[in-house]
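A short worksheet on the structure shown next.
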Amino acid sequence: MVRVLLVLLTQLYFTYTISSAPAETTKRLNKEPARLFSLTPAEARSHQREEEDLYHKIAQPLDKHEWGLIHKSVLNPTRIYDRFKVKSIQNQGRLHQDNMIKLSAIAHTGGKALVSKSASGKRWEYRSTHPDQNTGNPE
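Under mature numbering (1 follows the signal peptide of the UniProt record, and there is no 0), residues -20 to -1, 1 to 119 are what the sequence shown spells out, in order.
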């Protein structure tokens, strides 16, 4: 009985791994081209605030998970630290953190940002920023 169950489980495992699509085909293949936007310092700060709000929305489940580990582990000692969940949330927040850093550089000088969709197609990505040559501190 146990041997039959093991055989069935191995067959199920191999059929699932063979039939599943590879990871690279799940990415967006028709990624739209990046657009160049000229942002004033005020516009860059407003974009930065939006990115900060999105980051806090993503980081909130992570804080909730960590709080549950600290305070509920006394009641449930089998509670585990879900590394996959934490890593996926951190990866989602990393894009917003990078965007906040790049937008703060534009907010100080004013300049141009190359904006495109992220690989998932759900978020905006500020890939590179070009400060204007004519704006800056007069010497």
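The C-beta atom is built at its ideal place from N, Cα and C for all residues, glycine as well.
By the Cβ-count criterion, residue 28 is buried, with 16 or more other Cβ atoms from all chains shown falling within 10 Å of its own Cβ.
Inter-residue distance for residue 30 and residue -13 is about 51 angstroms (C-alpha atoms, whole angstroms).
Residues of the same chain with a CB within less than 7 angstroms of the CB of residue 25, apart from the 5 flanking positions on each side, are 87 in chain order.
In the DSSP annotation of this structure, the continuous segment of the beta strand (DSSP E) that includes residue 96 starts and ends at 91 to 97. With a contact defined as Cβ atoms closer than 8 angstroms, residue 45 and residue 65 qualify at about 7 angstroms. With respect to the C-alpha of residue 32, the residue from 17, 73, 69 having the closest C-alpha is 73. With fewer than 16 neighbouring CB atoms inside 10 Å of its own CB, residue 36 falls in the exposed class. Rounded to whole angstroms, residue 39 and residue 76 show a C-alpha spacing of 11 angstroms. When rounded, the separation of the alpha-carbon atoms in residue 105 and residue -18 is 52 angstroms. For residue 15, the enclosing beta strand (DSSP E) covers residues 15 to 19. Taking C-beta atoms under 8 angstroms as the contact rule, residue 94 and residue 14 qualify, at a distance of about 5 angstroms. Secondary-structure assignment with DSSP links residue 47 through no beta bridge to anything. In terms of Cβ geometry, residue 42 and residue 90 do not form a close pair [threshold 8 angstroms]. For residue 47 and residue 69, the gap between their C-alpha atoms comes out near 15 angstroms.
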